[in-house]
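Visitor:
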Amino acid sequence: MKATVLLSGGVDSATCLGIAVDKYGKDEVLALSVFYGQKHKKEIEAAKKIAEYYGVELKTLDLALIFEGSECSLLAGSNRDIPKESYASQILHTHGKPVSTYVPFRNGLFISSAASIAISYGCEIIYYGAHSDDAAGNAYPDCSDEFNEAMNRAVYIGSGKQLKIEAPFVKMTKAQVVKTGLMLKVPYELTWSCYEGGDVPCGICGTCRDRAEAFKQNGIDDPAMKKGEKI
Numbered sequence: 206m207k208a209t210v211l212l213s214g215g216v217d218s219a220t221c222l223g224i225a226v227d228k229y230g231k232d233e234v235l236a237l238s239v240f241y242g243q244k245h246k247k248e249i250e251a252a253k254k255i256a257e258y259y260g261v262e263l264k265t266l267d268l269a270l271i272f273e274g275s276e277c278s279l280l281a282g283s284n285r286d287i288p289k290e291s292y293a294s295q296i297l298h299t300h301g302k303p304v305s306t307y308v309p310f311r312n313g314l315f316i317s318s319a320a321s322i323a324i325s326y327g328c329e330i331i332y333y334g335a336h337s338d339d340a341a342g343n344a345y346p347d348c349s350d351e352f353n354e355a356m357n358r359a360v361y362i363g364s365g366k367q368l369k370i371e372a373p374f375v376k377m378t379k380a381q382v383v384k385t386g387l388m389l390k391v392p393y394e395l396t397w398s399c400y401e402g403g404d405v406p407c408g409i410c411g412t413c414r415d416r417a418e419a420f421k422q423n424g425i426d427d428p429a430m431k432k433g434e435k436i
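Quick note: the sequence shown uses this note's numbering, first residue 206, plus one each step.
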């Protein structure tokens, strides 16, 4: 295979998968979905649907034990409530630290795990969907361009110069990600981003607000939202 794609089931990773399949073909792409102890499995279910849509092989990995000691509000073991406000509002109260939904070094762990799997499958590249909106204000520092460059160098050297990382959106906004995906006809109706595990997205958590605004900037409603429901 040529490429491994970290597939969370959300907008950004689904768009990465669309790019990889468009470039290499479905038979040359391996998708990797990771369970890390979330309060729900809606993302995992979405990843399966997206992989089936594209006809790519999907591997799943359970890394929940690594985060057992974390107080990240996304995790099942945490008693903290998931914030119902924008990331910009949350950052005002963090004093420069990541927001409460930051999973400790998640992207670093996922990329490292993906690197081992990618090398085993003979892949040359790992795609992941970090974008500039998530990195803004240090909300998610493992989505920054600086982090990506450091990880890319580490993976390249550590793999014996066999493997590279591709983060096509690291300098783009989420609206630009959606624009790219719309051109590729990515099935956004199958994606799930909401931090809550209800029947429909809550519409008010940070990630729901971000994706709704991204679709709005592209002149359409979020296709994952229930018909007639607005944020």
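For each residue, glycine too, the CB sits at the ideal point set by N, CA and C.
From G334 to V216, what distance separates their C-alpha atoms?
Guide: Taking the straight line from one Cα to the other gives about 9 Å.
Visitor: Starting from T209, trace the beta strand (DSSP E) both ways and give me its first and last residue.
Guide: Its beta strand (DSSP E) spans residues 208-211.
Visitor: CB-CB under 7 Å to D427, same chain, minus the five flanking residues each way: which ones, in chain order?
Guide: Within the same chain, D427 has close Cβ partners R416, A417, F420.
Visitor: If you follow the alpha helix (DSSP H) that S337 is part of, which residue opens it and which one closes it?
Guide: Residues 337-340.
Visitor: Per DSSP, which residues does D415 bridge with? Please list them.
Guide: Answer is none; D415 lacks a bridge partner.
Visitor: Count the other CB atoms, across all protein chains shown, that sit within 10 Å of the CB of M356; report buried if there are 16 or more and exposed otherwise.
Guide: Answer is buried; the Cβ neighbour count reaches 16.
Visitor: Since E371 is in the beta strand (DSSP E), which residue starts that stretch and which ends it?
Guide: Per DSSP, E371 belongs to the beta strand (DSSP E) from 369-371.
Visitor: Restricting to runs no shorter than 4 residues, where is the alpha helix (DSSP H) found entirely within the stretch 250-306?
Guide: Counting whole runs of 4 or more residues, the stretch 250-306 contains the alpha helix (DSSP H) stretches 292-296.
Visitor: Inspect the beta-carbon positions of G223 and L389 and report whether they are closer than 7 Å.
Guide: Yes.
Visitor: Touching or not, the stretch 319-336 and the stretch 365-385, by the rule of three or more beta carbon pairs under 8 Å?
Guide: Yes, the stretch 319-336 is in contact with the stretch 365-385.
Visitor: For A225 and V391, which I take to be in contact (beta-carbon distance under 8 Å), what is that distance rounded to the nearest angstrom?
Guide: Not really, about 11 Å apart at Cβ, beyond 8 Å.
Visitor: Can you round the beta-carbon distance between S305 and S278 to whole angstroms, since I take them to be within the 8 Å contact cut?
Guide: Between S278 and S305 the Cβ distance is about 4 Å, and since that is below 8 Å, they are a contact.
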